[in-house]
Every structure is written in structure tokens, then in C-alpha cells.
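Colleague:
Numbering (the working numbering), first residue to last: 684 to 1108.
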């Protein structure tokens, strides 16, 4: 093999090898970085979902306060705690409930006296002795409002047992899990506000929206107030979705079970539940991948806490796992193509440089061979460098050019010496 080819191959390998090593190291890092970015974005959206949840609590507080003011202004509840007055108050306030439920999209409305005894509720007359401060089943918000006297309160509450049935939540809250069991409790966003009559604390109004199951956004009726008309998970999806038909949405979990989802069902799914309803999740993780059938989602979670700070559930944002994989694959493919092109260019450049260097040595070797047989007229000078049209030649000259010049001077000295010897002879 000629020296020019050997040098060309060596230079090509020397140029290509670092790029190959760098690509092997960088490609997995780029893929991992892309996945980390997708995870960070998902966590950011989960924090945005919690912000919308907090906004919903504020809106529920305002709704409870308005309803309490209306009850007080219309003197529907007074500070008289006699049994007759209590029955009269319950009858008067009952008429407010249908409009309040419609205006604020409420699943229940309850009015109590200052001791937590139920005066009225949205769906029926209260049972004798019905209270929200029972020894075994206290409502933490009503307890907090009564203890505070003048301050409203809002938070997440789990309704279960007898009150869960009395409020009619059992008909709409059940969620069937993948293992065949059911969640028969309701995770509620509730707000309580004090009612004052004649400057005295006369009772509490308690309202609630259920987070179980899934409700599509509904059109606001005439007089509907604010975003309370839109279920929380639907509002989160509307806020965070990049397009109306994308395969993503918000989730709500109670304990370790997903009880609500705003991910759109598949087009061929008919009236089936949205994806991931009834799926199990790991309550100890803030991010996980949940699979259900052929669909797989990356989910970032943020906790939902009770008024006393205990975590009872979580709210999350779910996006198809294929999104993160596709982004990583796309970034990896783009980088691979760039690395491949760079390697090809570097290899070609290295080969041409090495071959050019070898060709110059070959020219010198050919000239030396001709000198050895007496052809001292053959020069050893290099040809003009290929880039001499664009770069000044003196910048392209190197040691090999000086060597060939010196050899050529030596050849010319020998030729002249031989000519002088011939003339003397």
C-alpha cells in the first residue's frame, strides 16, 4: 500500500475516532436530559394544577360567604335556639338551595345552628338529632368555623358513612377499581362560613363540590357564577392542554386509587370511563408511570391536604408516556444524524489531508529514484498547495517544503559539480 493511502487512512481514523467516542458518551446524556426536561415540565404543570385547586378553595370560600350573607340579610336564620325556631329556620332556608346549587355547581348545601346541628340540607329534611359535630364523625370545617366564631374555612374533606348516604353522594361517587373492588367515599372540596343574625353568631353554611368521577365542562346557566360551573379537573385540562384533542388531562386520587380523570376517552370507547379512572397509584411517589390496558401515562402528583394538614389524596397531571419517549428519540436521532455527518466530514477531511501529505512524500521518493540513475534534471520541489488560491502560500508552507527545497539545492549542486568535472576531463 502506498504511503499516501496509509497516511490518509491514519488521519481519517484520527479525525473520526474522537467524534465516535464523544457521540457514544453524549447521545445517552442528551436522551436522559430530554427525559429530565419532560419530567420537569410535568412537575411544573402539576404545581399549576395545585394552584388551580387553591383558587377553587378561594372561590368556594367566597361562595359560602355570599350564601351566608344572603341567609343573614333575609333573616332566614336567627339566634333563637328553641326547637320551634330551628324548624322554622330550616323551612325558610330550604328554598335557597336549588338556586345556590345551580349558581355554584354544588353537590350539597347544609345549614347548621351554632352547635353544629343541621337545620336544613339540599336534598331532604334533616333527621332528628342530625349534626355535623357527632362524636364519631365531625366535619372539620364546621368545627373550625364554630371554634373561630367569625372566620370562614375551606379545604378537602372525605365524606363517608351515614352522612355520605344522607347527602346522596353514594349515587354518584362510587369508583370501581381494576381489581373489582370499589371506592365508596367522596373526596370533597368544601367551604364553611358563619351566619350572623342581629350581630350574633347564628349558624354555619357548609357547601361542597365532589372531586370523584368525571364531569365534562358544562355550559353556564344564566346567572352562573365564575369557574365554579366547571369541574376542577376539567378546568385544569382546559388551562394546561396544548390543544383540545390532545391525549392528556388531570387526575384526582383518594388514597392510592385514581377516582377522577379528565383524559379524553378513545374515540371508539363509547361512553366508557376516561382513562386511568380506577387505576392504582403509589402514594409515596410524586411522579410515576401508570398503565391501563394499552395506554400508558407519565403522571406528576401534588398532595391534597385536609384543613389540619394531613394528606388524604393527590391531584396530578397526566401525559402519554410516548410523548417523553418520542422527544428523547427525536433529540437522539437529530444528534445522531449531526454526529454522522460530522464524522463523515472529519473522516473525509482527514483522509484527504493524509493522502496529500503522503503524495508529497511520494513525489520526493520518485525524484530521489530518478537521481539515483543519474537524472539530476528532475526537481524535488512540491506542487502549489491546494488552498493557495484562497490562502497566502507562505502560510501554507511547512517543514516538508523546506526539506524539498534543500534537497533540490543539493541536487543542483551535484549537477553543477558533475558538469564541471566533465568540462575538466
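Even glycine gets a Cβ: it sits at the ideal position worked out from N, Cα and C.
Only a predicted model underlies this, so the values are computations on that prediction, with no experimental measurement involved.
1) What does a CB cutoff of less than 6 Å around residue 996 pick up in its chain, not counting 5 residues either side in sequence?
2) Can you check which of these residues, 893, 923 and 1043, is closest to residue 788 by C-alpha distance?
3) Which one or two residues does DSSP pair with residue 981 in a beta bridge?
4) Is residue 735 near residue 983, with beta carbons less than 8 Å apart?
5) To the nearest angstrom, how far is the alpha carbon of residue 1039 from that of residue 1020?
6) Under the assumption that residue 945 contacts residue 916 (Cβ atoms under 8 Å), give the Cβ distance between them as a whole number of angstroms.
7) Taking C-alpha atoms, which residue in 931, 888 and 839 lies nearest to residue 748?
8) Can you tell me where the alpha helix (DSSP H) holding residue 1099 begins and where it ends?
9) Going by DSSP, which residues form a beta bridge with residue 799?
10) Excluding the 5 residues flanking residue 891 on each side, which residues of the same chain have their C-beta closer than 6 Å to its C-beta?
11) Hey, how far is the Cα of residue 928 from the Cα of residue 947?
12) Residue 1107: buried (16+ other C-beta within 10 angstroms of its C-beta) or exposed?
13) Going straight from the alpha carbon of residue 974 to that of residue 961, what length do you get?
14) Determine the direct distance from the alpha carbon of residue 1051 to that of residue 701, and round the result to whole angstroms.
15) Can you tell me which of the three DSSP states residue 701 falls into?
16) Counting along the chain, where does the beta strand (DSSP E) carrying residue 844 start and finish?
17) Can you tell me which of 965, 1105, 976 and 856 puts its alpha carbon nearest to the alpha carbon of residue 958?
18) What is the DSSP secondary structure of residue 1043, reduced to helix, strand or coil?
19) For the pair the region 829 to 836 and the region 874 to 881, tell me if three or more CB-CB distances fall below 8 Å.
20) Anyone know if the C-beta pair for residue 943 and residue 989 falls short of 8 Å?
21) With 16 as the cutoff for other CB atoms within 10 Å, does residue 758 come out buried or exposed?
Modeller: Walking through what the data contain:
1) In the chain shown, residue 996 corresponds to position 313, counting from 1. Contacts found: 870, 936, 937 and 987.
2) Start at 1 with the first residue of the chain shown, and residue 788 comes out as number 105. Residue 788 has its Cα closest to that of 893, out of 893, 923 and 1043.
3) Looking up residue 981 in the chain shown gives position 298. Paired residues: 972 and 1002.
4) Indexing the chain shown from 1 puts residue 735 at position 52. Indexing the chain shown from 1 puts residue 983 at position 300. Not in contact: residue 735 and residue 983 (Cβ atoms no closer than 8 Å).
5) Stepping through the chain shown from its first residue, residue 1039 is reached at position 356. Stepping through the chain shown from its first residue, residue 1020 is reached at position 337. Distance between the alpha carbons of residue 1039 and residue 1020: 28 Å.
6) As a working note, residue 945 is residue 262 in the chain shown. As a working note, residue 916 is residue 233 in the chain shown. Confirmed, Cβ separation roughly 4 Å.
7) Walking along the chain shown from the start, residue 748 turns up at place 65. Answer by Cα proximity: 888.
8) What you label residue 1099 is simply residue 416 of the chain shown in a count that begins at 1. Residues 1082 to 1107.
9) One-based indexing of the chain shown puts residue 799 at position 116. According to DSSP, residue 799 bridges with nothing at all.
10) Working through the chain shown from its first residue, we reach residue 891 at position 208. Answer for residue 891: 790, 791, 871 and 873, listed in chain order.
11) Counting from one through the chain shown, the residue named residue 928 turns up at place 245. Counting from one through the chain shown, the residue named residue 947 turns up at place 264. Going from the Cα of residue 928 to the Cα of residue 947 covers about 8 Å.
12) As a first step, residue 1107 is located in the chain shown; it is residue number 424 there, counting from the start. Result: exposed.
13) Counted from its first residue, the chain shown places residue 974 at position 291. Counted from its first residue, the chain shown places residue 961 at position 278. In this structure, the straight-line span from the alpha carbon of residue 974 to that of residue 961 is close to 11 Å.
14) Position 18 of the chain shown, counted from the start, is the residue given in the question as residue 701. Position 368 of the chain shown, counted from the start, is the residue given in the question as residue 1051. Rounded to whole angstroms, residue 701 to residue 1051 spans 37 Å at the Cα level.
15) By one-based count along the chain shown, residue 701 stands at place 18. Helix.
16) Counting from 1 along the chain shown, the entry for residue 844 is found at position 161. First-last for residue 844: 844 to 849, but that is the alpha helix (DSSP H), not the beta strand (DSSP E).
17) Along the chain shown, read from residue 1 onward, the residue named residue 958 stands at position 275. Closest by alpha carbon: 976.
18) Stepping through the chain shown from its first residue, residue 1043 is reached at position 360. In this structure, residue 1043 counts as helix in the three-state DSSP scheme.
19) yes
20) Counting from one through the chain shown, the residue named residue 943 turns up at place 260. Counting from one through the chain shown, the residue named residue 989 turns up at place 306. No.
21) For this step, residue 758 is matched to residue 75 along the chain shown. Under this definition residue 758 is an exposed residue.
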